[in-house]
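Each protein sequence line maps, in turn, to chains A and B.
For the first sequence, full-length UniProt numbering gives the first residue as 1, with consecutive numbering after it.
For the second sequence, full-length UniProt numbering gives the first residue as 1, with consecutive numbering after it.
Working notes, structure below.
2 protein chains.
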Amino acid sequence: MKIYSQTQIVGAMEMNVAAQRLVDGFIAYSRGQVQVPPVQNFIFGQANGDCCVKSAWIEGSEHFTVKISTGFYDNPAKGLPSNDGMMLVLSAKTGQPRALLQDEGWLTCIRTALAGQIVARALAPRVITGIGILGTGVQARMQLEQLMALTSCRRLTVWGRNHMALESYREFATSLGFEVETTQDAEQVARHANLIVTTTPSREALLQRAWIQPGTHITAVGADGGGKQELDVDLVASAEVIVVDSIEQCRRYGEISHALKQGLIRQEQLIELGWLLAGETRGRENDQQITLADLTGVAVQDAQIADYAMQACAEALPGL
Amino acid sequence: MKIYSQTQIVGAMEMNVAAQRLVDGFIAYSRGQVQVPPVQNFIFGQANGDCCVKSAWIEGSEHFTVKISTGFYDNPAKGLPSNDGMMLVLSAKTGQPRALLQDEGWLTCIRTALAGQIVARALAPRVITGIGILGTGVQARMQLEQLMALTSCRRLTVWGRNHMALESYREFATSLGFEVETTQDAEQVARHANLIVTTTPSREALLQRAWIQPGTHITAVGADGGGKQELDVDLVASAEVIVVDSIEQCRRYGEISHALKQGLIRQEQLIELGWLLAGETRGRENDQQITLADLTGVAVQDAQIADYAMQACAEALPGL
């Protein structure tokens, strides 16, 4: 079994190849070609932590993956990062372990950011006049970096609750070449951007229907578990195109679940991302529609990114 | 994160300490103090393989464990062992990975064999006149080895379907000091032994009620998944004491499930192993009772054996 560190993984991977592997994975998932056992969750109450184990295999492919990811939210006070994790790649022909990817959670972050790029490529309006980001953390940064490949727009409005975090994000985005406006008023994001990504762990709606410009696309990646919400249900209900990574999962949590439970939208109007990417369903039809993508994260992304990371590391580091 | 090989793990562990850790684990499990998320299963049809991921945390303890175990039944033809696997131990305080135990399935085998020793210690008749083993594989060997610590009886009857495998087992058991009878007729095991362990992947009953001597204790470890069965339902129904490692799991599969579904026994008569080990329930009451233990394997065993293996390796190999 090969063992690769985060540094080795980051150095070996090419983002456009990784994105294509994710596209293939979403399509296989929506075609019912992926074995996805139930997610395992732990709650470590006293330590303010949690862990989830996600596993997947695309039927017929050579490898399957088991991912362990942890979040311990008191870690920063101990000088440790909140998130950690690793992925194991095993042979689907013999069961033997092939690679341990000690990515410390990076592969989960990048597969989520690339999914944001993938849905924006499919759903964003033709002319992007401004990018809006809600949140200032690692995912807020990675989403912005991955959007740069699909648009030359360098106007950014970023929302956060914390002034210092906003200033730090401004420095980051400026260094990427963005003209940056920071704000603690989410309405300003909606007023200045028609491509918005929400990346927060919020438990109450941050964006309201009335603020959104016609033609805007919104990708929501923050609500990855029960109780989380970033978008007002009326905004969800008014979106003309709603894409989700997994209908089965988004029924249970994520932005969509709230509107579904209140009867404001019907399951039949949901489009699974894999159908859209396979060209089996139409997405945006004009520049006036509001489109929405709700990404809760599916294990097939982990399987695809891990398989590619292993391959990329083996090619970049043949001596290991 | 420390990485330990099977050889290092086998060399570092003391079986009596490991057994005590399992006892503690069974008790914690039966007291409802263990988080056990649903088992993840994969089926690799074409490759004739499967994989299961079992995870557990005893609430309040310092570590939790994720175990991956695989069985690929065409592997021997490729010169590879059928079973492989590893366990990961992570901190329940910070989420950081602590150890990767590359045990290749050995820890699962030994925790199962030790569970056999533990139930035999609790339920076997006072005088063991003969030991019987059904099966000739790895688990059949490890069960016998672990029983040696609790009885001086060295009379063994072993059943198998394959003559060569029986002869190989005879050689193994003779080297341990046993007087060995091999047979392809399971009735002979029942006639000559009052402590029997069944270790096969059989899908039909191998032992019948009429053959069993009064006072016999039977431990069944083979039926670890749907469709498997080693004991006739009438034998199960007539046992005066029935102990299971997990009532919840044994309702779904294992020996007990068949008799339960046919209404031959009631769930109320089942004794969970942790209650017995904690002294909260009586087990065998006299030397005439037939007692039965159905062990389907619970993830708390993995958590306990992995935590101990990591500790033992750290003590035995401080320089690593």
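All C-beta atoms, glycine included, are put in the ideal place defined by N, C-alpha and C.
As the structure is a computational prediction, the values presented were derived from the model and not from experiment.
Residue i: contacting residues in chain E (beta-carbon distance under 8 Å)
{"i": "Val-180/A", "result": "Absent here is chain E; the protein component of the structure consists of chains A and B."}
Three-state secondary structure (DSSP) of residue i
{"i": "Cys-153/B", "result": "coil"}
{"i": "Pro-318/B", "result": "coil"}
{"i": "Asp-287/A", "result": "coil"}
{"i": "Glu-179/A", "result": "strand"}
{"i": "Pro-38/B", "result": "coil"}
{"i": "Gln-184/B", "result": "coil"}
{"i": "residue 322/B", "result": "Coverage of chain B is limited to positions 1 through 320, which leaves residue 322/B absent and any answer about it impossible."}
{"i": "Ile-118/B", "result": "helix"}
{"i": "Glu-104/A", "result": "coil"}
{"i": "Arg-203/B", "result": "strand"}
{"i": "Ser-246/A", "result": "coil"}
{"i": "Leu-292/B", "result": "strand"}
{"i": "Ile-110/A", "result": "helix"}
{"i": "Glu-230/B", "result": "strand"}
{"i": "Thr-270/B", "result": "Correcting the residue type first, residue 270/B is Leu in the shown sequence and not Thr. Three-state DSSP puts Leu-270/B in a strand."}
{"i": "Pro-97/B", "result": "strand"}
{"i": "Val-158/A", "result": "strand"}
{"i": "Ile-43/B", "result": "strand"}
{"i": "Val-300/A", "result": "helix"}
{"i": "Val-189/B", "result": "helix"}
{"i": "Asp-50/A", "result": "strand"}
Among the options, the one whose alpha carbon lies nearest that of residue i
{"i": "Ala-140/B", "options": "Val-39/B, Cys-109/B, Gln-20/B", "result": "Cys-109/B"}
{"i": "Glu-179/A", "options": "Ile-242/A, Gly-60/A, Tyr-169/A", "result": "Tyr-169/A"}
{"i": "Asn-41/A", "options": "Ala-47/A, Cys-52/A, Asp-224/A, Gln-143/A", "result": "Cys-52/A"}
{"i": "Leu-273/B", "options": "Pro-37/B, Ala-223/B, Thr-296/B, Gln-289/B", "result": "Thr-296/B"}
{"i": "Gly-49/B", "options": "Gln-96/A, Gly-71/A, Gly-79/A", "result": "Gln-96/A"}
{"i": "Tyr-308/B", "options": "Ser-61/B, Gly-283/B, Ile-290/B", "result": "Ser-61/B"}
{"i": "Val-244/B", "options": "Val-119/B, Gly-79/B, Ala-149/B", "result": "Val-119/B"}
{"i": "Ala-259/A", "options": "Glu-230/A, Gln-301/A, Asn-162/A", "result": "Glu-230/A"}
{"i": "Met-148/B", "options": "His-163/B, Glu-167/B, Ala-113/B", "result": "Ala-113/B"}
{"i": "Ile-290/A", "options": "Ser-246/A, Gly-226/A, Ala-193/A", "result": "Ala-193/A"}
{"i": "Leu-123/B", "options": "Ile-133/B, Leu-150/B, Gln-102/B, Arg-98/B", "result": "Leu-150/B"}
{"i": "Leu-206/A", "options": "Asp-234/A, Arg-126/A, Gly-215/A, Gly-45/A", "result": "Asp-234/A"}
{"i": "Ala-77/B", "options": "Phe-72/A, Lys-93/A, Pro-76/A", "result": "Lys-93/A"}
{"i": "Asp-224/A", "options": "Gly-215/A, Gln-249/A, His-217/A", "result": "Gln-249/A"}
{"i": "Met-86/B", "options": "Glu-59/B, Thr-174/B, Ser-55/B", "result": "Ser-55/B"}
{"i": "Arg-252/B", "options": "Gly-227/B, Ala-237/B, Ile-242/B", "result": "Gly-227/B"}
{"i": "Ser-82/B", "options": "Ser-246/B, Asp-74/B, Glu-181/B", "result": "Asp-74/B"}
{"i": "Gly-71/A", "options": "Ser-91/B, Gly-116/B, Ser-69/B", "result": "Ser-91/B"}
{"i": "Glu-167/A", "options": "Val-197/A, Gln-188/A, Asp-287/A, Thr-136/A", "result": "Thr-136/A"}
{"i": "Gln-35/B", "options": "Val-300/B, Ile-256/B, Gln-269/B, Val-158/B", "result": "Val-300/B"}
Cβ of residue i within 8 Å of any chain A Cβ
{"i": "Asp-84/B", "result": "yes"}
{"i": "Ala-306/B", "result": "no"}
{"i": "Lys-67/B", "result": "no"}
{"i": "Thr-94/B", "result": "yes"}
{"i": "Cys-109/B", "result": "no"}
{"i": "Thr-7/B", "result": "no"}
{"i": "Leu-88/B", "result": "yes"}
{"i": "Phe-26/B", "result": "no"}
{"i": "Ala-44/B", "result": "What sits at residue 44/B in the sequence shown is Phe, not Ala. Output row for Phe-44/B: interface = yes."}
Residue i, enclosing alpha helix (DSSP H) - first and last residue
{"i": "Thr-7/B", "result": "6-12"}
{"i": "Ser-69/B", "result": "No alpha helix (DSSP H) contains Ser-69/B, which is instead part of the beta strand (DSSP E) from 63-72."}
{"i": "Gly-274/B", "result": "273-277"}
{"i": "Ala-28/A", "result": "15-30"}
{"i": "Asp-234/B", "result": "233-238"}
Extent of the continuous beta strand (DSSP E) run through residue i
{"i": "Ser-257/B", "result": "Element bounds for Ser-257/B: not the beta strand (DSSP E) but the alpha helix (DSSP H), 255-261."}
{"i": "Ile-131/A", "result": "131-134"}
{"i": "Thr-219/A", "result": "217-220"}
{"i": "Asn-83/B", "result": "83-91"}
{"i": "Thr-198/B", "result": "195-198"}
Cutoff 8 Å: residue i Cβ touching any chain B Cβ
{"i": "Gln-229/A", "result": "no"}
{"i": "residue 338/A", "result": "No statement about residue 338/A is possible, as the shown extent of chain A runs from 1 to 320 and does not include it."}
{"i": "Lys-2/A", "result": "no"}
{"i": "residue 321/A", "result": "As shown, chain A starts at 1 and ends at 320. That puts residue 321/A outside it, with no answer to give."}
{"i": "Lys-261/A", "result": "no"}
{"i": "Leu-100/A", "result": "yes"}
{"i": "Pro-97/A", "result": "yes"}
{"i": "Thr-112/A", "result": "no"}
{"i": "Cys-51/A", "result": "yes"}
{"i": "Gly-71/A", "result": "yes"}
One or two residues paired with residue i in a DSSP bridge
{"i": "Gln-208/A", "result": "Answer by DSSP bridge pairing: none, since Gln-208/A is not bridged."}
{"i": "Ala-56/A", "result": "Thr-65/A"}
{"i": "Phe-172/A", "result": "Phe-172/A is not bridged to any residue."}
{"i": "Lys-78/B", "result": "Answer is none; Lys-78/B lacks a bridge partner."}
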